[in-house]
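Sequence positions in the sequence shown follow the UniProt record's numbering and run 1 to 305.
One structure is given below, encoded as structure tokens.
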Amino acid sequence: MTLSGRDAYRATLTRLAETDDRVLCFEADLGGRRHPFAERHPDRFFNLGIAEATMIDMAAGLAVAGYRPFVSTFAPFAALRAAESLKLTLGYLAAGVTVVAPYAGVSGAWFGTTHHCLEDLAVLRAIPGVVVAAPHGEAEMRSVIEYAAASGRPHYVRTGRNAAYESLPGAGDGRVPPVVWDHRGPPGATCLVSVGEEGTRLCVAARERDPGLAHAHLCYLDHEHLAAAAAELAPLHRRFVVVEEHRPAGGVAEALALLLPDHAVTGVNAGHSWPTEGGDHGEVLAALGLTLPAVLAAAGRPASA
């Protein structure tokens, strides 16, 4: 059974803690009664409640003392409510804390605007030194968590709620490369660039409609990794359509446009409006204009292709 991103994170962290006593797990009222890490390693599991900034500050102190702390809470509360703590601890102090943020984008759906987060990439990408990742599928999440634990670098990892996806074959079994190719396409083809779970789902669906499209998936989204991705993408295609569950400001399309000034880069994203009605994840995405027809239109293909 394929695990969702947040369940793959919990399972991987629990396994890593079996052989690494430095691994700690912090939750901000998201752990539930049967958290696998809490059951297996109760002396290294801490539920701080709704005190997100305090949780990150505590984790930073333990990281400086040599531990490998992982903290998790809703993306809006990690990236926005605790933004100052992220800036000072993960950024300025370069503390080796990994923040895993489920409910990113509008995956919280019916929880409403307070539990939506379409701004986290803009915030975290602006903090130098933080590795920013948005894994797609179980294998990518496991790889990202394994690298974070081994490297001790500050990380921000965004994921959704309960959606479970198989990672693209190009993700491989080791560290996820800067570009994961779903399909390279012929020279001159429009190249879809997918970010995160929903962006990748939409790009895979678009390629099923039109196999002539190229598709490159990006897991790591900080400047260091995007610069490497841009260097790989630049000689292969001239036109890119970036699909991401994020605002246009501060998103990956904007970043790639600066890194690829001689190429055409457009974005399909969550736009500038606020959801005004409830619904499930797909319904809220549709209300924001992040849909398969929108991706096909941006790639210059009819929705019926």
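No residue lacks a Cβ here, since even glycine has one placed at the ideal position from N, Cα and C.
In chain order, 75, 76, 78, 79, 80, 101, 104, 156, 158 and 246 place their CB closer than 8 Å to the CB of residue 120, counting only its own chain and leaving out the 5 sequence neighbours on each side. For residue 69, the enclosing beta strand (DSSP E) has its first and last residue at 68-72. With fewer than 16 other Cβ atoms inside 10 Å of its own Cβ, residue 126 counts as exposed. Residue ranges of uninterrupted alpha helix (DSSP H) with 4 or more members, entirely inside the region 146-220 and ordered along the chain, are 196-209. The criterion of a C-beta distance shorter than 8 Å is not satisfied by residue 106 and residue 60. Residue range 98-101 is occupied by the beta strand (DSSP E) that includes residue 101. Per DSSP, residue 45 is one residue of the beta strand (DSSP E) stretching across 45-47. Its chain contains 141, 142, 145 and 146 as the residues whose beta carbon lies nearer than 8 Å to that of residue 12, once the 5 sequence neighbours on both sides are disregarded; these appear in chain order.
Listed in chain order, the non-local C-beta contacts of residue 222 below 7 Å within the same chain comprise 125, 130, 131 and 132, local neighbours out to five positions each way being set aside. The beta-bridge partner set that DSSP reports for residue 266 consists of 241. Our two residues, residue 65 and residue 149, have alpha carbons roughly 15 Å apart in a direct line. In summary, residue 1 is exposed, with fewer than 16 beta-carbon neighbours lying within 10 Å of its beta-carbon over all protein chains present. In the DSSP assignment, the residues bridged to residue 27 are 47 and 72. For residue 131, the enclosing beta strand (DSSP E) starts and ends at 131-133. Take residue 68, set aside five residues on each side of it, and the residues of its chain with a beta-carbon closer than 6 Å to its own are 22, 23 and 149, in chain order. With contacts defined as CB atoms closer than 8 Å, residue 8 and residue 138 qualify as a contacting pair.
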